[in-house]
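Q: For the sequence shown, my numbering begins at 430 and goes up steadily by one. Positions of the beta carbon are idealized from the N, C-alpha and C atoms, including for glycine. First the structure, then my questions, so here it is.
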Amino acid sequence: MTRSELRAAARDHLWLHFTRMHGYEPPVIVRGEGCYLWDDEGKKYLDALAGLFSVNIGYSHGEEIGQAALEQMRELPFYTNWSYAHPRAIELAQKLASLAPEHINRAFFVSGGSEAVESAWKLARQYHMARGERRWKAVARRTAYHGTTMGALSINGIPALRAPFEPLVPDTLHVRNTNRYHRPPDETEELFTQFLLTDLEEAIEQAGPETVAMVIFEPVQNAGGSFTPPAGYFQGVREICDRFGILLCADEVITGFGRTGEWFGSIKYDIQPDLITTAKGLSSSYAAIGAVLVADKVYEAFGDEKSMYSHGITFGGHPVGCAIALKNLEIMEREQIVEHVRDTQDSVRTQLETLLDLPIVGDVRGTGCLWALELVKDKETRETFSDDESESLLRGFLSPALFERGLICRADDRGDPVVQISPPLIAEQQEFSQIVGTLGEVLTEAWQRIH
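This is the structure in structure tokens:
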């Protein structure tokens, strides 16, 4: 198709995800290399969001990964994991066991992140049934995003995403997240941790601990803007789950495979989860694949001869997807990409914190290669923007202005207004300098527009 034909076909036939379609002409992205993308007009963009927090190795490995996919297509283009195995699923499961925390040794493959969360909740429910208990409730955090299928959406802590589809799957509870920015300034980290753990414990007790199947938290919460955990938080969450017999699931759809500077955020923060949900970075989005990684104690509950996890996905463990994921992990190890994130995260923080000199930037937070800037009306009082102001600031100006200057990142108001920054894990000083420079220019102009 010509460029005009492509754009006409997009306008007439393509329904975009999470997009206000009225009168919208989408950019048509046609090529990628490293951390950069090009559209059909030849304009170059720095992808400071790694697709959707997912193209961990960048865009330059298509030939090598394509060769792995071609070889698998020739050998076995498809077969199911419903009662059957094939070499690539076996090899990938073994590889994931070697990278995950040592008590986690099983992988249940799915097609993506929402399916992984859905599968984890179903597995938690069946785990308790296998042990003679009836538990079904899930606990998540406020403002947390966990996916769009009905179960995963029910777990979401973002009311605006849930409301159009209610009633949802009962029952989910939502507790406080780890955003410290709007807490009392004299509150110590220890007191903040205790405040959060008390909130979690009280929510579980009010719901009836004997009815709660799973607690699901991201190691670093993405929605709302890269909320990192305070010291001792996940150790306290683990203790509460153990005391009440609840499974702890780490949602690592974003944080898995290097984004925090470790293979898993669960390792970085010593979470000791019973389940880990993964997708995105598992294949660096070169294929649609995800997995639930399962602790030995959970698998052992299905050990008798009549037990079965009554769940399956047609494309879960697809041979080509598994081959691509294996090649992705091989590239990550060969090029020491996780180590690169770990070694550069302090310098990245230092660069981003220069933006705190701007009156509109109230907070810079994150870790590894997962960062956010919180935008404020008043840095002294930490006053945030109203809904109408956020609409005008983020969608009316920031998003189009950043894109016009060749920077793809996310201006987001699922919580307080933030700009999210999460480029491919291969990003170097050059890319972060460009990110900081462009953000500085656009945020300065944004402040001038609102004053």
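Do I766 and N510 have their beta-carbon atoms positioned less than 8 Å apart in this structure?
A: Within the sequence shown, residue 510 is the residue found at index 81, counting from 1. Within the sequence shown, residue 766 is the residue found at index 337, counting from 1. No, these two residues do not count as a Cβ contact at 8 Å.
Q: Look up H603 in the DSSP assignment and give the residues it is bridged to.
A: Here residue 603 corresponds to residue number 174 of the sequence shown, with the count starting at 1. Answer is A569, bridged to H603.
Q: Can you tell me which residues form a DSSP beta bridge with A536?
A: Position 107 of the sequence shown, counted from the first residue, corresponds to residue 536. DSSP lists L722 as partners of A536.
Q: Consult DSSP for K551 and reduce its assignment to one of helix, strand or coil.
A: Mapped onto the sequence shown, residue 551 falls at position 122. Looking at K551 - three-state DSSP - the assignment turns out to be helix.
Q: Which residues does DSSP pair with L704 in a beta bridge?
A: Taking the first residue of the sequence shown as position 1, residue 704 is located at position 275. Answer is C678, V723, bridged to L704.
Q: Leaving aside the five residues before and after F861 along the sequence, list all residues of the same chain whose C-beta is less than 7 Å from its C-beta, in chain order.
A: Numbered from 1 along the sequence shown, position 432 holds the residue referred to as residue 861. Excluding positions up to five away in sequence, the list reads V777, Q780.
Q: Who are the Cβ neighbours of H611 in its own chain at under 7 Å, not counting the five residues just before and after it?
A: Counting from one through the sequence shown, the residue named residue 611 turns up at place 182. The answer, listed in chain order, is R811.
Q: I need the boundaries of the beta strand (DSSP E) containing M643, first residue and last residue.
A: As a first step, residue 643 must be located in the sequence shown, where it is residue number 214. 641-646 is the span of the beta strand (DSSP E), which, as asked, contains M643.
Q: Just verifying my parser: in three-state terms, what is the DSSP assignment at K473?
A: To locate residue 473, count along the sequence shown from 1; it is residue 44. In this structure, K473 counts as strand in the three-state DSSP scheme.
Q: Taking DSSP as the reference, what is the three-state secondary structure of G710?
A: Translated into positions along the sequence shown, residue 710 becomes position 281. Three-state DSSP puts G710 in a helix.
Q: Counting C-beta neighbours from all protein chains within 10 Å, is the total for Q858 16 or more, i.e. buried, or is it exposed?
A: Within the sequence shown, residue 858 is the residue found at index 429, counting from 1. Looking at its Cβ environment, which holds fewer than 16 other Cβ atoms inside 10 Å, Q858 is exposed.
Q: Kindly indicate the opening and closing residues of the alpha helix (DSSP H) around Y662.
A: As a first step, residue 662 must be located in the sequence shown, where it is residue number 233. Per DSSP, Y662 belongs to the alpha helix (DSSP H) from 662-673.
Q: Would the beta-carbon of G690 fall within 8 Å of that of V770?
A: Position 261 of the sequence shown, counted from the first residue, corresponds to residue 690. Position 341 of the sequence shown, counted from the first residue, corresponds to residue 770. The answer is yes: Cβ separation under 8 Å.
Q: Within 8 Å, do at least three Cβ pairs link the segment 527-542 to the segment 620-635?
A: At 8 Å Cβ cutoff, the stretches do not touch.
Q: Since Q650 is in the beta strand (DSSP E), which residue starts that stretch and which ends it?
A: Taking the first residue of the sequence shown as 1, we reach residue 650 at position 221. Note, Q650: premise wrong, no beta strand (DSSP E); not H, not E.
Q: Can you tell me whether DSSP reads G745 as helix, strand or coil?
A: Counting from one through the sequence shown, the residue named residue 745 turns up at place 316. The answer is coil: DSSP assigns G745 none of H, G, I, E or B.
Q: By a C-beta neighbour count over all protein chains shown, 10 Å radius and 16 as the cutoff for buried, is Q882 buried or exposed?
A: A question about residue 882 goes unanswered here, because the residues of the chain that appear run from 430 up to 880.
Q: Are the beta-carbon atoms belonging to N608 and G653 less than 8 Å from one another?
A: Within the sequence shown, residue 608 is the residue found at index 179, counting from 1. Within the sequence shown, residue 653 is the residue found at index 224, counting from 1. Yes, they are a contact pair.
Q: Put Q859 into one of helix, strand or coil per three-state DSSP.
A: In the sequence shown, the residue the question calls residue 859 occupies position 430. Note: Q859 maps to helix in three-state DSSP.
Q: Kindly indicate which residue of A856, L868, A720, W876 has the alpha-carbon position closest to the one of A382.
A: What is shown of the chain runs 430 to 880, which leaves residue 382 out entirely.
Q: Starting from the C-beta of L787, find all residues in its chain whose C-beta is less than 8 Å away, skip the five residues before and the five after it, and write them out in chain order.
A: Walking along the sequence shown from the start, residue 787 turns up at place 358. Hits under 8 Å: G869, L872, T873, W876.
Q: Go ahead and pull the three-state DSSP assignment for L758.
A: Locating residue 758 in the sequence shown gives position 329, where the first residue counts as 1. Of the three classes helix, strand and coil, the one that applies to L758 here is helix, per DSSP.
Q: Going by DSSP, which residues form a beta bridge with F656?
A: In the sequence shown, counting from the first residue as 1, residue 656 sits at position 227. Note: F656 sits in a beta bridge opposite Q650.
Q: State the Cα-Cα distance for the pair M430 and R436, rounded to the nearest angstrom.
A: Within the sequence shown, numbered from 1, the residue matching residue 430 stands at position 1. Within the sequence shown, numbered from 1, the residue matching residue 436 stands at position 7. Computed Cα separation, rounded: 9 Å.
Q: Quickly, what does DSSP pair D807 with across the bridge? List them, please.
A: As a working note, residue 807 is residue 378 in the sequence shown. Paired residue(s): E812.
Q: May I have a chain-ordered list of the alpha helix (DSSP H) segments no shorter than 4 residues that lie completely inside the segment 779-853?
A: Taking only runs of at least 4 residues, the alpha helix (DSSP H) segments lying wholly in the segment 779-853 are 816-819, 828-833.
Q: I need the straight-line Cα distance from N606 to A438, nearest angstrom please.
A: Numbered from 1 along the sequence shown, position 177 holds the residue referred to as residue 606. Numbered from 1 along the sequence shown, position 9 holds the residue referred to as residue 438. Using only the alpha carbons, I get a separation of about 43 Å.
Q: Could I get the ranges of all uninterrupted beta strand (DSSP E) runs contained in the segment 442-488, with 3 residues as the minimum, in chain order?
A: DSSP runs (the beta strand (DSSP E)) wholly in the segment 442-488: 458-462, 465-468, 473-476.
Q: Quick check: the segment 674-681 against the segment 691-709, are there 3 or more CB pairs under 8 Å?
A: A contact exists between the segment 674-681 and the segment 691-709.
Q: Where does T684 land, buried or exposed, given buried means 16+ other C-beta within 10 angstroms?
A: For the purposes of this step, residue 684 is taken as residue 255 along the sequence shown, with counting starting at 1. It counts as buried.
Q: Among the candidates L626, L590, M579, whose CA atom is the shortest distance from the CA of V598?
A: On the sequence shown, residue 598 is found 169 positions in, with the first residue counted as 1. If we check each option's Cα against that of V598, M579 comes out closest.
Q: Which term fits E595, buried or exposed, when burial requires 16 or more other beta carbons within 10 angstroms of its beta carbon?
A: Sequence index remark: in the sequence shown, residue 595 carries index 166 (1-based). So E595 counts as exposed.
Q: Below 8 Å on the Cβ atoms is my contact criterion, and I expect S655 with G495 to pass it. Report the Cβ-Cβ distance as a whole number of Å.
A: As a position in the sequence shown, residue 655 is number 226, starting the count at 1. As a position in the sequence shown, residue 495 is number 66, starting the count at 1. Contact doesn't hold; Cβ gap of about 33 Å is too wide.
Q: Given a cut-off of 8 Å on the beta-carbon distance, is the pair A573 and G586 in contact?
A: In the sequence shown, the residue the question calls residue 573 occupies position 144. In the sequence shown, the residue the question calls residue 586 occupies position 157. The answer is yes: Cβ separation under 8 Å.
Q: Once you ignore the five residues that flank R554 on each side, which residues in its own chain have a CB closer than 6 Å to its CB?
A: Position 125 of the sequence shown, counted from the start, is the residue given in the question as residue 554. These residues qualify, in order along the chain: W565, A642.
Q: Comparing alpha-carbon positions, which option in R517, D775, V459 lies nearest D469?
A: Start at 1 with the first residue of the sequence shown, and residue 469 comes out as number 40. The residue with the shortest Cα to Cα distance from D469 is V459.
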